[in-house]
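Before any comments, here is the structure.
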Amino acid sequence: ASVSARSLTTRLPVAQMPEELAELATAMNAMLQRLDDAFQRLSAFSADIAHELRTPLSNLLTHTQVTLTRPRSLEEYREALHGNLEELQWMAQMINDMLFLAKADHGLLVPGQAPLVLHEEVDALLEYYAPLAEDSGVQMLREGEALLQGDRHMLRRALSNLLDNALRFTPSGGQIKVTLGPGPRIGVANTGAAIEPAALPRLFDRFYRVDPARREGSSEHAGLGLAITRSIVQAHGGRIRAECADGWTRFVIDFTEDQ
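Going by full-length UniProt numbering, the sequence shown opens with residue 1, and the numbers climb by one from there.
Okay, structure coming up:
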């Protein structure tokens with residue numbers, strides 16, 4: 001029988017086969033399992049892309065159709081194109097993020113191995129986000145020091161995602177704290193509303209939003225930042241988890257001692 005997408009879940013009956021064929025059947029079943037896993041990832045990837053692009057594409061079509069309903073001034077056309085450009089830039093960034101995650105799924109992320117002074121990297125990021133934090137009435141600080149062998153660009157991206165996430169969910173008058181310690185360990189914590197324990201592990205899923213009322217396809221955030229952060233951490237041999245207690249939400253990254 002031929003192998004198709006519909007038959008990938010079918011397995012050969014190893015127990016009913018002669019011993020000389022059982023080993024071959026076991027290998028065949030393992031191959032079918034790998035094919036099925038890859039097919040499921042591809043299907044999920046396609047569904048995610050279609051789901052998230054639906055709203056911005058609809059916005060672009062509607063905005064363009066309304067603009068073309070009557071003659072307009074040059075300034076009005078310029079404003080319409082500027083609005084379309086923002087949607088297109090968001091879509092392009094989301095597709096790039098999805099391709100990054102697809103590479104991670106296939107083990108194709110190969111981080112560089114350079115000695116990094118983590119407290120210097122964190123201080124540079126805090127300085128970058130300082131104006132936004134000041135406008136939001138949020139205090140940011142760093143405690144501790146640590147060293148790490150890793151990819152500066154990837155790790156800065158991971159930490160930027162965590163800081164960006166913290167800034168979005170920290171109320172005015174709140175605090176964001178980055179702690180560094182042996183391991184090395186990196187913690188990014190912020191004050192704010194508590195997250196249900198059942199939702200914490202899902203924060204790293206693609207497109208997951210704690211608040212289901214948030215519109216899918218929002219041009220503000222696609223819900224990929226934490227998924228990308230987890231992929232970067234795992235590519236460095238580390239682990240990341242989320243926890244919520246005593247009015248703080250914490251993301252904790254642990255690297256192995258040989259990193």
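Glycine is no exception: its CB is placed at the ideal position from the N, C-alpha and C atoms. Model, not experiment: these values are computed from the prediction.
Item	Value
For the 8 angstroms Cβ check, are there 3 or more pairs between the stretch 224 to 232 and the stretch 95 to 109?	yes
Can you check which of these residues, ALA158, LEU125, ILE186 and ARG250, is closest to THR170 by C-alpha distance?	ARG250
Among residues of its own chain, excluding the 5 on either side of TYR129, which ones have a beta-carbon nearer than 6 angstroms to its beta-carbon?	LEU163
Go ahead and pull the three-state DSSP assignment for GLU220.	Below a pLDDT of 50, predicted positions are generally treated as unreliable, and GLU220, at 46, falls in that range; no measurement from the model is reported.
Taking only the alpha-carbon atoms, compute the straight-line gap between ALA194 and ALA166 and give it to the nearest angstrom.	13 angstroms
Evaluate contact between the stretch 85 to 96 and the stretch 129 to 144, counting only Cβ atoms and requiring at least three cross-stretch pairs below 8 angstroms.	no
Shortest alpha-carbon distance to TRP248 belongs to which of ALA50, ASN161, GLY183 and ILE176?	ILE176
Take the Cβ of ALA189 as the centre, count every other Cβ of all protein chains shown within 10 Å, and call the residue buried at 16 or more, exposed below.	buried
According to DSSP, GLU143 sits in a beta bridge with which residue or residues?	THR179
Which whole-angstrom value describes the C-beta separation of PRO111 and ASP48, a residue pair presumed to lie in contact below a C-beta threshold of 8 angstroms?	In fact, because the Cβ distance is near 24 angstroms, the residues do not count as touching under 8 angstroms.
Return the chain-ordered list of same chain residues with a C-beta closer than 7 angstroms to the C-beta of LEU35, the five sequence neighbours on each side being excluded.	LEU8
Tell me where the beta strand (DSSP E) around THR191 begins and ends.	185 to 191
Keeping to the same chain, check which residues put their C-beta closer than 6 angstroms to that of THR67; ignore five residues upstream and five downstream.	ALA80
According to DSSP, is GLY247 helix, strand or coil?	coil
Could you check how far apart the C-beta atoms of ALA27 and VAL14 are, in whole angstroms? I think they sit under 8 angstroms.	Between VAL14 and ALA27 the Cβ distance is about 10 angstroms, and since that is not below 8 angstroms, they are no contact.
Judging by CA-CA distance, which residue of ILE253, ASP246 and ALA235 is the nearest neighbour of LEU108?	ALA235
What's the call for LEU61, buried or exposed, on a 16-neighbour Cβ count within 10 Å?	exposed
In angstroms with no decimal places, state the Cα-to-Cα distance between ASP97 and PRO18.	49 angstroms
Under a three-way DSSP split, which group does ASP254 fall into?	strand
I need the DSSP call for PRO115, collapsed to helix, strand or coil.	strand
Would you kindly work out how many angstroms separate the C-alpha atoms of THR179 and ASP123, rounded to a whole number?	11 angstroms
From what residue to what residue does the alpha helix (DSSP H) around ASP151 run?	From DSSP, ASP151 is part of no alpha helix (DSSP H); its letter is neither H nor E.
Starting from ILE240, follow its DSSP beta bridges and name the residues at the other end.	ILE253
State the Cα-Cα distance for the pair PHE39 and SER73, rounded to the nearest angstrom.	50 angstroms
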